[in-house]
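Novice: Numbering-wise (the UniProt record's numbering), the sequence shown opens with residue 1 and increments by one. The structure under discussion is supplied below as structure tokens; questions concerning it will follow.
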Amino acid sequence: MTFKELRARQDVPVIVVDGEGMVLEINEAFSETYGWSVSDLVGKMLSRIIPSQLRDAHHMGFARHQMTGARTVLGMAVDLSILLPDGCEVVAIHYIVDGEEDGHKCYAATIVPRAEG
1 MTFKELRARQ DVPVIVVDGE GMVLEINEAF SETYGWSVSD LVGKMLSRII
51 PSQLRDAHHM GFARHQMTGA RTVLGMAVDL SILLPDGCEV VAIHYIVDGE
101 EDGHKCYAAT IVPRAEG
């Protein structure tokens, strides 16, 4: 799935960030599923939704990709926790792709709750 295709999806939660990790947009499905509003996240750092115990690993992986182009998790379904506004965490399937917007590196992800069972 391309960056543009993933970004356009409305049927699943989608978040888009720039190359610095700043949230550019979330869709309505993201807000409804996780309880974050546009004003909570847009213009803020992605780390706001990353549980504290995962932030260092995220920052290292993000920096490694920026410097080397290594694609450790891009284009793969990965189970990771997401932090909710109330401080609780849920496991969700993240599918992340990269692309460009106005000549700048960006990332889009679907973040779908893992079915309990």
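The C-beta atom is built at its ideal place from N, Cα and C for all residues, glycine as well.
#1: Give the range of the beta strand (DSSP E) segment to which Glu20 is assigned.
#2: Given a cut-off of 8 Å, decide if Gly99 and Ala108 are closer than it, judged by their beta-carbon atoms.
#3: Give me the Cα-Cα distance between Ile111 and Arg9, rounded to the nearest whole angstrom.
#4: Less than 8 Å between the beta carbons of Glu25 and Val16, yes or no?
#5: Where Ala29 and Thr68 are concerned, what is the direct C-alpha to C-alpha distance, given to the nearest angstrom?
#6: Whole angstroms is fine: what's the gap from Arg7's alpha carbon to Phe62's?
#7: Candidates Thr33, His104 and Phe3: which alpha carbon is nearest Asp18's?
#8: On the DSSP letters alone, give me the boundaries of the beta strand (DSSP E) that Ala108 sits inside.
#9: So, using beta-carbon positions, are Ser81 and Leu54 closer together than 8 Å?
#10: In the segment 44-112, which residue ranges form an unbroken beta strand (DSSP E) of at least 3 residues, counting only runs that do not cross its ends?
Specialist: Straight from the coordinates:
#1: Here Glu20 belongs to no beta strand (DSSP E), and DSSP marks it neither H nor E.
#2: yes
#3: 12 Å
#4: yes
#5: 33 Å
#6: 19 Å
#7: His104
#8: His104 to Pro113
#9: yes
#10: 77-83 and 89-101
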